[in-house]
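Asker: Adding 646 to a residue's 1-based position in the sequence shown gives its number in the working numbering.
From the three backbone atoms N, C-alpha and C, an ideal C-beta is built for every residue, glycine too.
Next up is a structure, given as structure tokens.
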Amino acid sequence: MVFNNICLFNVAVPFVFIYVLVRLPLNLSVNWVLTIGFLTGLSVDIFANTQGMNALACTILAMSRRNVLHLYFPREDELTDPEPSAKSLGLDVYMKYLFTLVLLYCAVIFLIEACSFFDPVRLGLRIVCSSVLSFLLLLGLDSVLSRHD
647 MVFNNICLFN
657 VAVPFVFIYV
667 LVRLPLNLSV
677 NWVLTIGFLT
687 GLSVDIFANT
697 QGMNALACTI
707 LAMSRRNVLH
717 LYFPREDELT
727 DPEPSAKSLG
737 LDVYMKYLFT
747 LVLLYCAVIF
757 LIEACSFFDP
767 VRLGLRIVCS
777 SVLSFLLLLG
787 LDSVLSRHD
């Protein structure tokens, strides 16, 4: 909730809470992943008063994460760890996986918020800038947390 008050240049908003969904174990059942995604978004909606926008975006993110992983890492049986990380996937694959999910989340949340394509330049700028900011913060958070493992 601290990051809700951060908005760089009135364009970029960091979404750090999606890290929970990105790092869910791959061997977790689809029902649990969708439930955790929905509840994560719903808890953000309750505190941010956003009427279900985050619940929808987090559920879409949770639903898409396995397909996104298969775009960059088609051999799931070769994973060294069921939890997606730079160590288990390799840094380049993990960065692609992370950025794609962050971009997907930002696109969904800002399209829901805008409810139109009235100002496509500003909408695109918000999606790209928020994606880059969130990606960098999540990559930094991941490097800090992975050192403790």
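1) Check whether the stretch 731 to 742 touches the stretch 685 to 695, counting contact only when three or more Cβ pairs, one atom from each stretch, lie closer than 8 Å.
2) Can you tell me where the alpha helix (DSSP H) holding L702 begins and where it ends?
3) At a cut of 8 Å, does the stretch 704 to 724 reach the stretch 659 to 674 through at least three beta carbon pairs?
4) Got a sec? Which residues, its chain only, sit under 6 Å from S780 by beta carbon, not counting five neighbours each side?
5) Using C-beta distances below 6 Å, list every residue in its chain close to N673, excluding the 5 sequence neighbours before and after it, in chain order.
6) Is the Cβ-Cβ distance between L715 and Y751 less than 8 Å?
7) If we require 4 or more residues per run, which alpha helix (DSSP H) segments fall completely within the stretch 736 to 774?
8) Please list, in chain order, all residues of the same chain as L784 whose beta carbon is under 8 Å from its beta carbon, the five residues on each side excluded.
9) Are the beta-carbon atoms belonging to I773 and N700 less than 8 Å from one another?
10) Cα-Cα, which of G698, C761, T746, R768 is closest to S796?
11) What's the C-alpha gap between R793 and G736?
12) Around the Cβ of V679, are there at least 16 other Cβ atoms within 10 angstroms (buried) or fewer (exposed)?
Answerer: On the basis of the data shown:
1) Using a C-beta cut-off of 8 Å, the stretch 731 to 742 makes no contact with the stretch 685 to 695, since fewer than three inter-stretch Cβ pairs fall below that distance.
2) For L702, the enclosing alpha helix (DSSP H) begins and ends at 699 to 718.
3) Of all C-beta pairs linking the stretch 704 to 724 to the stretch 659 to 674, three or more are shorter than 8 Å, placing the two stretches in contact.
4) For S780, where only same-chain residues beyond five positions count, the Cβ hits under 6 Å are P660, F661, V748.
5) Result list for N673: P728, in chain order.
6) With respect to Y751, L715 sits apart: the two C-beta atoms are not nearer than 8 Å.
7) Along the stretch 736 to 774, the alpha helix (DSSP H) occurs as fully enclosed runs of 4 or more residues at 737 to 760, listed in sequence order.
8) Taken in chain order, the residues that qualify are V662, I664, Y665, V668, L744, V748.
9) For I773 and N700, no; Cβs fall outside 8 Å.
10) With the chain running from 647 to 795 in the structure shown, residue 796 is simply not present.
11) Going by the C-alpha atoms only, they are around 15 Å apart.
12) With 16 or more other Cβ atoms within 10 Å, it is buried.
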